[in-house]
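>
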Amino acid sequence: MVYHKLVTNTIDYLISVKRGDFDMRKGKIFMSLLLLLFIACCLDRSDLWAASTDDALVQRLRQTAGGQVVLAYHAGTGKVRFMRFEGTGTVPRARGLTENASAEVVARGFLDEYGRLFGVEDQGQELKVMRQIMPEDGRSIVRFQQVYDNIPVMAGELIVQMDAKKNVLSANGETSPMSVVNTTPSIGHDAAKSEALNLISKHYDISRTRLSVDDPQLWIYNPVLLGPGRNANTLVWRLEVKANTPQPIHELVLVDAHTGRIALHFNQTRDAKNRAVYDKNNVRDDKLPGNTPVRSEGQAAVGIKDADDAYTYIGNTYDFYYNIHGRDSYDNEGSRIVATVRYCPEDKKEECPYDNAYWNSGIKQFVFGSGYASADDVIAHEYTHGVTSSTSNLFYYYQSGAIDESFSDVWGEFVDQTNGHGNDTASVKWLLGEDLPNGAIRNMKDPTAFKDPDKMGSANYYCSSKDNGGVHTNSGINNKAAYLMTDGDTFNSKTVTGIGIIKAAKIYYEANSHLLISGSDYEDLYNALQGACNTLINSSVVTSSDCQQVKNTLDAVEMNRQPTGCPANEAPVCDSGSPRDVFFDDLESGPGKWTHSAIVGTDPWNAHTTGYATSGKYIIYGEELKELSDSAIMMTTPVVIPQKAYMHFNHAYELEADTDKALAQDIGRVAYSTDNGASWTDAGPLFTHNGYNLKSQHDGGYGFSDVSNGYISSRLDLSSLAGKSVKFRFNLKTDVGTAYFGWIIDDVRIYTCDGGTATKPKTTMDLDGNGKSDILWYNTVSGSARVWLMNDIKIASDSAIHTLPDLSWQIKGSGDFNGDGKSDILWYNTSMGMVYIWFMSGASVSSQGVVATLSDLSWQIKGAGDFNGDGKSDILWYNTSTGMVYIWFMSATLVSSQGTVGTQPDLTWQIKGAGDFNGDGKSDILWQNTKTGLVYIWYLSGTSITSANSPLTLSNLTWQIKGIGDFNGDGKSDILWYNPSTGMLYTWLINGGVIDSGSPAILPSNMKVVDIGDFNGDGKSDICITDTSTGQLYIGLMDGTKATSVGLSGTLNDSTWKVIPDGSNIPLF
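According to the working numbering, the sequence shown is numbered sequentially starting from 2.
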């Protein structure tokens, strides 16, 4: 099961579009989302949901291609990231072009027509050719760099691949949604150099005099293209800082060209047949490569084991790449291969003998500590880093870096197992570095042996920012894939038949050389390896059966999923019950609830500014300063804390830290005062979820530091403060040195949880938040949606919402996905698997967004409910092929976490909906067996089944479950039954089992139940019924098993209009 994280809530960074998005409140056009990107219009244009524009492109693509088109989408940008084909499909070259047209012209012709799907509006202005490749099989490959105002975009690249007749075989890459970016820097390149040198000097504890920095270049940086982070474009100076000595420092540094803050930095040094081998003999000496080679090309062995082994194994690696891939040296330009063995750094803080090996991309040579050159797989590993830097040029950061590391491991073993040297028996053949002085460092057959992940769902997945985001750990996912693809095995319920080293190597090489871009992640690799295999079918290298094994491999390691082993970013609001606020500020009403000041130095706080918000558009922002400062923003007025109270807030931070030492240099903290601010106590001990993460190197206390990688939420238990008048503050301390993004805070609340066994659930389909259900209509012919806002059984207003003429979009129900007390509308595209939400305010769409695309259409949405009790609705999935049940835990459009509930392989069991059957504030799942009539409930806490039981069996299968609601107002969901042969309605009131039952009515054949909701706001669910012959809609107000009154609400005598039930029930048409 896959989800794609989406963090695009910021107003400042919304896409500046030229046709189409809109915001009902502002009359402006907004939306940074895939296939639903509205394309610019003027303000008087009709309110059409312009997804149809991109949908039309997809349909045209499917019609013109000669095979099944596979589209994968980037969750952060919402755009197509990979287009490939199953089988022999292609997209014909643009009309008017012949096969004699240049590859660039044909590629640009394709992007003229379909570039919008990839986020490109004007390919002529937005794309520049990076390089063109002509493989020997007649294909053409053009790699483009995204530019904005002629400034390149980091990791913004597109690749178009064509066959010998210039038909398009595939297109892939990532582009940043471009808002208006100020491309005139506010700080000069000399200042940027100084910032970069200061950073690296402090980070590595090395004198500035021992560092050099190249000339800065202006780039545009969007974190969402490169790793976890916010979707925002920043003008940056891009610099590379290197050590003047051979220390493995080759740092990429991005300096914000307007503020001077550090936007990003990481070390690009990859540690881990014209040959020249130098020997340092374990003497401390930083001069590389050395004075004279001890062994050069064609020279006989010299009797120095490390030097002779390096010479031999570099030759083996060169031969493998040349014979299998036709590659001449690491750069495919025949360059001399230089290596230094038995290296020791001059710096006495470093070990000697040196316990490492690395590829120095700055001086393009290999460096090996004593004994490392005697491991053939390590030699091939480092050599492959050189290959990768000349092909896909993967950033050595997060998943891109993990793939880079894994590729080096993969070819390390390919060479090791084919060069005829060493022990290649089954027990050691997939160990990396078994010949190293300290033994093996990774196990590709079983990555978990070294606590590395073997699949995306592994608990070993490394989530921290250390080690460049876990590049040496998370490489285990593709390492496992390479083993499975090559040798075959059964893993994670998937059986793979191995295709052997040669075929596997060719597939991996095709992906690395021609399909991956610098910012590619594991989902890109999932598509690239399948695309590469499909391409090689046409070259008779592999078979379609081989490609099926490739897919089996990738599915086995869950390569197209996001990691599930990382801690949840979302703290629950309530463990049970619903929140009752005593203080709440979403910052949308101004800064009046906050005051701020400096304790030491400058005050960097802004209590009401636009930016990267989780709700609305305003936030609290604490800028990270480059100077010594201590400042705080505090509540203006104290709050009396009730019994069993909590504090909850959303925040994102990027603050200076020494991650190698796990120490914070700049730090954020929460404190409270019980004497109106005269004294303050650190609130660290009160956190229950997502508390402090680092210790300060200055005062030894703990706080928030390093990088949160986007928004998280934190919760504090305030029980110890009950009865006291309390103020809270957010405190930010900085030292002299580097500045990053800082600390942003949103949606601060202090509250109790209405708990116990009788929690009143949120009203369903309550679009205006007045505590009374409304009626949502959808036209099955025109795609129009409209709403009746209700006041008891009367229609308070009748309003059209929007029209979506593409009928592959279906409304799947409603839920309060952002926790604002108003129901939102959940959409699903049945042709592409995209999930989309309209956030409602009455009859108006206040905002909207893509959640994710799930291309496996065997997954179906089965309902919405608050499964973790955080006050926000979640999405319930069911796989019709496997019986697996899965939940996306939602925070607006962000899937904050996800997980498998369980699997019911007996497909005679069907999910009938979700409801809180035990009154714990968390939704449960209602099942029925279609053969036996047995009813069963899974009681949930998040994804955990805490208990399960069967209230009763109804063996008469003419009875149908028509809905779920709390008919007696006891805070627990009940079940409504309908017998179509007799017309009888029947209710089961549930409390563990059926505690009462009865029939509120017998319906004539022309009357149908279409919805359940609390239309009069009394806390009890009511029944909505339509007369199919007249279009009249009636509401029966309920009290347990009895209808207290029935009234006519209105008439819509058009059978193409259907009532949409709330999200806890299966749609009824």
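The beta carbon of each residue, even a glycine, is placed where N, CA and C say it ideally should be.
Decide yes or no for the touch test of the segment 421 to 437 against the segment 495 to 507: beta carbon pairs closer than 8 Å, at least 3 of them.
Verdict: no, contact absent.
> Name the DSSP beta bridge partners of L1049, please?
As a first step, residue 1049 is located in the sequence shown; it is residue number 1048 there, counting from the start. Paired residues: Y1035.
> Please tell me whether D287 and T246 are closer than 7 Å, where the distance is taken between their beta carbons.
Position 286 of the sequence shown, counting from 1, holds the residue named residue 287. Position 245 of the sequence shown, counting from 1, holds the residue named residue 246. Closer than 7 Å, so yes.
> One question on the structure: do T735 and S630 come within less than 7 Å of each other, judged by their Cβ atoms?
On the sequence shown, residue 735 is found 734 positions in, with the first residue counted as 1. On the sequence shown, residue 630 is found 629 positions in, with the first residue counted as 1. Cβ distance < 7 Å, so T735 and S630 count as in contact.
> Can you list, in chain order, the residues of its chain with a C-beta nearer than 7 Å to that of N980? Leave out the 5 residues immediately preceding and following it.
Residue numbering aside, residue 980 sits at position 979 when the sequence shown is read from its first letter. Excluding positions up to five away in sequence, the list reads T959, W960.
> By a C-beta neighbour count over all protein chains shown, 10 Å radius and 16 as the cutoff for buried, is A865 buried or exposed?
The residue labelled residue 865 in the question sits at position 864 within the sequence shown. A865 should be labelled buried.
> On the criterion of 16 or more Cβ atoms from any shown chain inside 10 Å, does M648 qualify as buried, or is it exposed?
In the sequence shown, counting from the first residue as 1, residue 648 sits at position 647. Result: buried.
> Are there three or more Cβ pairs, one per stretch, closer than 8 Å when the segment 176 to 188 is compared with the segment 113 to 130?
Touching, yes, given that three or more Cβ pairs across the two stretches are closer than 8 Å.
> In terms of residues, what are the limits of the beta strand (DSSP E) holding A244?
On the sequence shown, position 243 is the one that residue 244 refers to. It spans 235 to 244 - the beta strand (DSSP E) in which A244 sits, taken as one unbroken run.
> For C43, does the count of other Cβ atoms within 10 angstroms reach 16, so buried, or fall short, so exposed?
Stepping through the sequence shown from its first residue, residue 43 is reached at position 42. Confidence at C43 is low in this model, with a pLDDT of 28, below 50, so the placement of that residue is unreliable and no value is reported for it.
> Using a Cβ-Cβ cut-off of 6 Å (strictly less than) and excluding sequence neighbours within five positions of Q162, which residues of its own chain qualify?
Taking the first residue of the sequence shown as position 1, residue 162 is located at position 161. The residues are I142, L170, S171.
> Once the 5 residues before and after A843 are set aside, which same chain residues still bring their CB inside 7 Å of it?
Here residue 843 refers to the residue found at position 842 of the sequence shown. Reading off the sequence shown, one finds Gly at residue 843, where the question assumed Ala. Contacts found: L768, D769, L790.
> If the criterion is Cβ atoms closer than 7 Å, does the pair L855 and G884 meet it?
Within the sequence shown, numbered from 1, the residue matching residue 855 stands at position 854. Within the sequence shown, numbered from 1, the residue matching residue 884 stands at position 883. In this structure, G884 does not lie closer than 7 Å to L855 by Cβ.
> Rounded to the nearest angstrom, what separates N710 and G230 at their Cα positions?
Position 709 of the sequence shown, counting from 1, holds the residue named residue 710. Position 229 of the sequence shown, counting from 1, holds the residue named residue 230. Spanning the two alpha carbons is a distance of roughly 5 Å.
> What is the DSSP secondary structure of Y1, reduced to helix, strand or coil?
As displayed, the chain neither begins before 2 nor continues past 1070, which places residue 1 out of reach and without an answer.
> Would T739 be called buried (16 or more neighbouring beta carbons within 10 Å of its own) or exposed?
On the sequence shown, residue 739 is found 738 positions in, with the first residue counted as 1. Classification of T739: buried, given that the 10 Å Cβ count is 16 or more.
> Going by the beta-carbon positions, is the gap between G943 and N869 smaller than 7 Å?
Locating residue 943 in the sequence shown gives position 942, counting from the first residue. Locating residue 869 in the sequence shown gives position 868, counting from the first residue. Their beta carbons are under 7 Å apart, which means G943 touches N869 by this criterion.
> What are the complete beta strand (DSSP E) segments, minimum 3 residues, inside the segment 895 to 968?
As far as the segment 895 to 968 is concerned, its whole beta strand (DSSP E) runs of at least 3 residues are 895 to 904, 910 to 916, 925 to 930, 936 to 942, 945 to 950, 961 to 966.
> If you draw a straight line from the alpha carbon of N493 to that of T554, how long is it in whole angstroms?
Against the sequence shown, residue 493 aligns to sequence position 492. Against the sequence shown, residue 554 aligns to sequence position 553. Approximately 10 Å, taken between the alpha carbons.
> Residue range of the beta strand (DSSP E) that S726 falls in?
Walking along the sequence shown from the start, residue 726 turns up at place 725. S726 -> beta strand (DSSP E) spans 726 to 735.
> Compute the Euclidean distance between the alpha carbons of W1058 and G964, then round it to the nearest angstrom.
Here residue 1058 refers to the residue found at position 1057 of the sequence shown. Here residue 964 refers to the residue found at position 963 of the sequence shown. The straight-line gap from Cα to Cα measures roughly 20 Å.
> Could you tell me which residues DSSP puts in a beta bridge with Y979?
What you label residue 979 is simply residue 978 of the sequence shown in a count that begins at 1. Note: Y979 sits in a beta bridge opposite Q961, L986.
> In three-state DSSP terms, what is Y384?
Here residue 384 refers to the residue found at position 383 of the sequence shown. Helix, per DSSP.
> Are the segment 513 to 528 and the segment 556 to 564 touching, with three or more C-beta to C-beta distances below 8 Å?
The segment 513 to 528 vs the segment 556 to 564: in contact.
> DSSP three-state call for F396: helix, strand or coil?
Start at 1 with the first residue of the sequence shown, and residue 396 comes out as number 395. Looking at F396 - three-state DSSP - the assignment turns out to be coil, as it is neither helix nor strand.
> Excluding the 5 residues preceding and the 5 following E1075 in the sequence, name in chain order all residues of the same chain whose CB lies nearer than 8 Å to its CB.
The displayed coordinates of the chain run from 2 to 1070. Any statement about residue 1075 would go beyond what the structure contains.
> Would you check if the distance between the CB atom of V242 and the CB atom of I201 is smaller than 7 Å?
For the purposes of this step, residue 242 is taken as residue 241 along the sequence shown, with counting starting at 1. For the purposes of this step, residue 201 is taken as residue 200 along the sequence shown, with counting starting at 1. Cβ distance < 7 Å, so V242 and I201 count as in contact.
> Counting only the same chain and skipping the five closest in sequence on each side, list residues whose C-beta sits under 6 Å from that of N317.
Taking the first residue of the sequence shown as 1, we reach residue 317 at position 316. For N317, where only same-chain residues beyond five positions count, the Cβ hits under 6 Å are V416, N420.
> Rounded to whole angstroms, what's the CA-CA distance from Q549 to N880? Just pull it up for me.
Sequence index remark: in the sequence shown, residue 549 carries index 548 (1-based). Sequence index remark: in the sequence shown, residue 880 carries index 879 (1-based). C-alpha separation (whole angstroms): 21 Å.
> Which residues does DSSP list as the beta-bridge partners of G704?
By 1-based counting over the sequence shown, the position of residue 704 is 703. Partner(s): L695.
> Which first and last residues belong to the beta strand (DSSP E) in which Q666 is found?
Position 665 of the sequence shown, counting from 1, holds the residue named residue 666. It is not in any beta strand (DSSP E) - Q666 carries neither H nor E in the DSSP assignment.
> Check this for me: beta carbons of P1001 and K973, under 7 Å apart or not?
Against the sequence shown, residue 1001 aligns to sequence position 1000. Against the sequence shown, residue 973 aligns to sequence position 972. Contact flag unset, no.
> Quick check on DSSP: helix, strand or coil for M560?
Locating residue 560 in the sequence shown gives position 559, where the first residue counts as 1. Coil, per DSSP.
> For the putative contact between S815 and D1063, defined by C-beta atoms under 8 Å, what is the C-beta separation to the nearest angstrom?
Within the sequence shown, the letter at position 814 stands for residue 815. Within the sequence shown, the letter at position 1062 stands for residue 1063. So it is a contact: roughly 5 Å between Cβ atoms.
> Applying the 10 Å Cβ sphere with the 16-neighbour rule, what's the burial state of N439?
Sequence index remark: in the sequence shown, residue 439 carries index 438 (1-based). Result: exposed.
> Suppose the cutoff is 7 Å on Cβ atoms and the five residues either side in sequence are ignored; what does the same chain contact list for A441 look like?
Against the sequence shown, residue 441 aligns to sequence position 440. L432, L433, G434, E435.
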